[in-house]
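K.L.:
If you're matching them up, the sequences are chains B and S in order.
Residues in the first sequence are numbered consecutively from 4, following this note's numbering.
Residues in the second sequence are numbered consecutively from 4, following this note's numbering.
Here a beta-carbon is modelled for each residue, glycine too, at the ideal position from N, C-alpha and C.
A quick note: this is a predicted structure, and the numbers were derived from the prediction, not measured.
Here it is, the structure in full.
There are 2 protein chains.
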Amino acid sequence: MSIRIGILGYGNLGRGVEKAVCASDDMELTAVFTRRSPESVKTVSGAKVLSADALADMKDDIDVLVLCGGSATDLPVQTPKYASMFNVVDSFDTHANIPSHFAAVDAAAGAAGKVGVISCGWDPGMFSLARLYSHSVLPDGKDYTFWGRGVSQGHSDAIRRIEGVRDARQYTVPVEEALAQVRSGSNPELTTRQKHTRECYVVAEEGADKARIEKEIKEMPNYFADYDTTVTFISEEEMKASHNTLPHGGSVIYSGQTGDSHHVIEYSLKLDSNPEFTGSVIASVARAAYRMNREGMSGAKTMFDIAPKYLSPLDDAELRAHLL
Amino acid sequence: MSIRIGILGYGNLGRGVEKAVCASDDMELTAVFTRRSPESVKTVSGAKVLSADALADMKDDIDVLVLCGGSATDLPVQTPKYASMFNVVDSFDTHANIPSHFAAVDAAAGAAGKVGVISCGWDPGMFSLARLYSHSVLPDGKDYTFWGRGVSQGHSDAIRRIEGVRDARQYTVPVEEALAQVRSGSNPELTTRQKHTRECYVVAEEGADKARIEKEIKEMPNYFADYDTTVTFISEEEMKASHNTLPHGGSVIYSGQTGDSHHVIEYSLKLDSNPEFTGSVIASVARAAYRMNREGMSGAKTMFDIAPKYLSPLDDAELRAHLL
Chain B
4 MSIRIGILGY GNLGRGVEKA VCASDDMELT AVFTRRSPES VKTVSGAKVL SADALADMKD
64 DIDVLVLCGG SATDLPVQTP KYASMFNVVD SFDTHANIPS HFAAVDAAAG AAGKVGVISC
124 GWDPGMFSLA RLYSHSVLPD GKDYTFWGRG VSQGHSDAIR RIEGVRDARQ YTVPVEEALA
184 QVRSGSNPEL TTRQKHTREC YVVAEEGADK ARIEKEIKEM PNYFADYDTT VTFISEEEMK
244 ASHNTLPHGG SVIYSGQTGD SHHVIEYSLK LDSNPEFTGS VIASVARAAY RMNREGMSGA
304 KTMFDIAPKY LSPLDDAELR AHLL
Chain S
4 MSIRIGILGY GNLGRGVEKA VCASDDMELT AVFTRRSPES VKTVSGAKVL SADALADMKD
64 DIDVLVLCGG SATDLPVQTP KYASMFNVVD SFDTHANIPS HFAAVDAAAG AAGKVGVISC
124 GWDPGMFSLA RLYSHSVLPD GKDYTFWGRG VSQGHSDAIR RIEGVRDARQ YTVPVEEALA
184 QVRSGSNPEL TTRQKHTREC YVVAEEGADK ARIEKEIKEM PNYFADYDTT VTFISEEEMK
244 ASHNTLPHGG SVIYSGQTGD SHHVIEYSLK LDSNPEFTGS VIASVARAAY RMNREGMSGA
304 KTMFDIAPKY LSPLDDAELR AHLL
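Okay, here's the thing in structure tokens:
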């Protein structure tokens, strides 16, 4: 019997989860749920679209509900709410609020006897696992996380909010020199500026003051002020032709010791599509949530709590025979 | 209270485990156990050395027994035997026999209510995890494992068995071109010869026929015949000066798709000391075995069955706050 998946929220991430679920033999997509008018949404796979209000009556029709909303306002409400009805998975990534989000989901999921897995994807997610495994194996060491080269949607949005900007795409780029230093095992102390640069491609409104836009970007606190930032104005055509995908990736590099012996562990990703890869991670976690719940587990979880075998559609004996 | 560890077998791996246990605040080394005469063994840490025969009376003194014998003849007997008395961890790596070894350990550990974790280290071990996570997240893809540059002790031993060879060190070296092809995402089909070369450094006995030794090495089936192998004769002094450590490492590269989007995942290790890193992995698994058993789990396990959190000395809330 297939694992029946629901998706709430149908943006880039929702489409990424849809693609992964449809490509998995052991899962089926029951429906996409939206807070918009269902008639206004067409799914890529042809899966049906229902109003989010329909979820309350579908407790027996869905094994795992995947929450594809944003971390700022959607997930803090949605994940606990739906964890009281379904096994759920989200990609909550507001780091400072993870403890309170975890507690809220744990209370709801625990009371309902459901599993609620938070903060899944690649960072938090696969990169978190790389950090945890490395720290556990080599307690005497230091982890470094580099992101990119890839599109940061949050930074692109921040530029778009500047007056006179029609469109923007921001690439986060790791500094090669810093990467080389870390890989050498020299354990450097690196400032924010030494680790990443930011490349901005901007389509300005006609007649806009480009010098002012560039200055506003470069001086924007938190987003750009602490980085070496380049701003390049391009045409709308060039934006469409050369910046129409969402690649990303990066590396977690761990540099550790056993006495005088040095060891470097690196986990790296090179992704053509950030939302499709993130959606694929989430789909495998949905499988795990379903299986763990069937074995009697409940409450909030992160990928740290999931034995790796639960993520795979293969059975334990096959895993040992082919992948160990 | 510290986790009390015993080590059976005191070669390179036993010393690696000893170092890792002594560096962990939450573990203590109860004793090293040997089948040799205990007086003949001196431990690096000063830990006491007891006869392996003493183990039968120490069920209440040791939480996890780490088995550091060889996969060929030691572990198939020792792991099931001691899993009936202790939680155990081994590094069994004879791939074809993993199913039968798992079954034997499962029967013994299950009956005794203990946890027996087999095949821990980096391959099998960390590399197996990299393969499993990648396959689970991106079912449509292919994994490639490259080893080296590093010393293969099995291949070094095979050379030492040739007549006229006094000492030998064999380095397994991945072919850069093959690595580059795989990292590009082109999913090449690679033969054994295309993936790795073998570099042999040999100290010959005085007057030995070097041409014959070189020929015997290069034509040795399974070990060298399928590889491009180079043989370099060196002096005993040079062997001691330049080849006195056991570095190793390698990469698991996974090349996968979501529709038209391509993704490359790479997990790589660069290790100054193979036995010390392997010992560190095993020590973290010993911690997990102890904690899982305290929670009521029993039977044979592999690293696939271990939720990552169990490997870390930090508690769950700390892990979420600092590493997620």
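Between the C-alpha atoms of B:ILE97 and S:LEU135, what's the straight-line distance to the nearest angstrom?
P.N.:
Here residue 97 of chain B turns out to be Thr, not Ile, going by the sequence shown. One C-alpha to the other measures close to 28 angstroms.
K.L.:
List the residues that DSSP assigns as beta-bridge partners of B:GLU202.
P.N.:
B:TYR174 and B:THR233
K.L.:
With the cut-off set at 8 angstroms, would you say B:VAL288 and B:VAL120 are in Cβ contact?
P.N.:
yes
K.L.:
Opposite S:ALA207 in the DSSP bridges: which residues?
P.N.:
S:VAL168
K.L.:
Does the distance from the C-beta atom of B:VAL20 to that of B:ALA34 stay below 8 angstroms?
P.N.:
The Cβ atoms of B:VAL20 and B:ALA34 lie no closer than 8 angstroms to each other.
K.L.:
In terms of residues, what are the limits of the beta strand (DSSP E) holding B:TYR270?
P.N.:
264-274
K.L.:
Have a look at B:TRP125, B:ASP77 and B:LYS62 and flag the residue whose alpha-carbon is nearest the alpha-carbon of S:HIS266.
P.N.:
B:TRP125
K.L.:
Which same chain residues, not among the five before or five after S:PRO83, have their C-beta less than 6 angstroms away from its C-beta?
P.N.:
ALA107, VAL108 and ALA111
K.L.:
So, are the CB atoms of B:ARG196 and B:ASP170 less than 8 angstroms apart?
P.N.:
Not in contact: B:ARG196 and B:ASP170 (Cβ atoms no closer than 8 angstroms).
K.L.:
Tell me which residues share the same chain as B:TRP150 and place their Cβ nearer than 6 angstroms to its Cβ, disregarding the 5 neighbours each side in the sequence.
P.N.:
The beta carbon of B:TRP150 sits closer than 6 angstroms to those of THR175 and GLY253, all from its chain and outside the five residues before and after it, given in chain order.
K.L.:
Would you kindly report the start and end of the unbroken beta strand (DSSP E) that includes S:ASN296?
P.N.:
Looking at the DSSP string, S:ASN296 is not in any beta strand (DSSP E); the run it does join, the alpha helix (DSSP H), is 277-297.
K.L.:
Taking beta-carbon pairs under 7 angstroms, can you tell me which members of the segment 268-292 of chain B lie near chain S?
P.N.:
ILE268, GLU269, TYR270, SER271, LEU272, LYS273, LEU274, ASP275, SER276, GLU279, PHE280, SER283, VAL284 and SER287
K.L.:
List the endpoints of the continuous beta strand (DSSP E) containing S:THR305.
P.N.:
No beta strand (DSSP E) holds S:THR305; DSSP gives it neither H nor E.
K.L.:
Using a Cβ cut-off of 7 angstroms, which residues of the segment 138-149 of chain S contact any Cβ in chain B, in chain order?
P.N.:
HIS138, SER139, VAL140, LEU141, PRO142 and ASP143
K.L.:
Does any C-beta atom of chain S lie closer than 8 angstroms to the C-beta of B:MET129?
P.N.:
yes
K.L.:
Just to check my reading of the structure: B:ILE216 and B:VAL168 have Cβ atoms closer than 8 angstroms, yes? What is that Cβ distance to the nearest angstrom?
P.N.:
6 angstroms
K.L.:
Taking B:PRO305 as the reference, which of S:ASP60, S:PRO311 and S:TYR270 has the closest Cα?
P.N.:
Residue 305 of chain B is actually Thr in this sequence, not Pro. Selected option, being the one with the closest Cα: S:PRO311.
K.L.:
For B:THR235 and B:ASP275, which I take to be in contact (beta-carbon distance under 8 angstroms), what is that distance rounded to the nearest angstrom?
P.N.:
Under the criterion of beta carbons closer than 8 angstroms, B:THR235 and B:ASP275 do not qualify as touching, at roughly 22 angstroms.
K.L.:
Please go through the same chain and pick out, in chain order, the residues whose beta-carbon is closer than 7 angstroms to the beta-carbon of B:MET300, but skip the five residues on each side of it.
P.N.:
VAL118
K.L.:
Taking the alpha-carbon positions, what's the B:GLU209 to B:GLN156 distance?
P.N.:
24 angstroms
K.L.:
Flag this pair as yes or no: are the beta carbons of B:VAL69 and B:GLY9 separated by less than 8 angstroms?
P.N.:
yes
K.L.:
Checking contacts by CB at 8 angstroms: is S:THR82 closer than that to chain B?
P.N.:
no
K.L.:
On the three-state DSSP scale, how would you describe S:ALA23?
P.N.:
helix
K.L.:
Applying a beta-carbon distance threshold of less than 7 angstroms, which residues of chain S neighbour B:LEU182?
P.N.:
Result: empty, since nearest Cβ-Cβ is about 13 angstroms, beyond 7 angstroms.
K.L.:
Checking contacts by CB at 8 angstroms: is B:ASP308 closer than that to chain S?
P.N.:
yes
K.L.:
Can you give me the start and stop residues for the alpha helix (DSSP H) that B:ASP160 sits inside?
P.N.:
Annotation: the continuous alpha helix (DSSP H) that includes B:ASP160 extends over 156-163.
K.L.:
Considering only the alpha carbon of each residue, which of S:MET242, S:SER139 and S:SER137 lies closest to S:GLN173?
P.N.:
S:MET242
K.L.:
Compare the C-beta of S:GLY151 against all C-beta atoms of chain B and say whether one is closer than 8 angstroms.
P.N.:
no
K.L.:
With DSSP run on the structure shown, which of helix, strand or coil describes B:ASN225?
P.N.:
coil
K.L.:
Mind listing the chain S neighbours of B:ILE101? Cutoff is C-beta to C-beta under 9 angstroms, in chain order.
P.N.:
ARG323, ALA324 and LEU327
K.L.:
Residues of chain S with a CB under 7 angstroms from the CB of B:LYS312: which are they?
P.N.:
PHE307 and ASP308
K.L.:
Going by other Cβ atoms of all chains shown within 10 Å of its Cβ, with 16 needed for buried, is S:MET4 buried or exposed?
P.N.:
Classified as exposed, S:MET4 has fewer than 16 neighbouring CB atoms from the shown chains inside 10 Å of its CB.
K.L.:
Can you tell me which of B:GLU321, B:PHE307, B:LEU326 and B:PRO316 puts its alpha carbon nearest to the alpha carbon of S:ASP318?
P.N.:
Taking the Cα of S:ASP318 as reference, the smallest distance to any Cα among B:GLU321, B:PHE307, B:LEU326 and B:PRO316 is reached at B:PHE307.
K.L.:
So B:VAL92 and B:ILE162 are supposed to be a Cβ contact under 8 angstroms. How far apart are they, rounded?
P.N.:
Not really, about 31 angstroms apart at Cβ, beyond 8 angstroms.
K.L.:
Can you pull the chain S neighbours of B:LYS22, defined as C-beta to C-beta under 7 angstroms?
P.N.:
THR261 and GLY262
K.L.:
List the whole-angstrom C-beta distance separating S:PHE36 from S:ALA59, where the pair is believed to meet the contact cut-off of C-beta under 8 angstroms.
P.N.:
At roughly 11 angstroms, the Cβ-Cβ gap does not stay under 8 angstroms, so S:PHE36 and S:ALA59 are not in contact.
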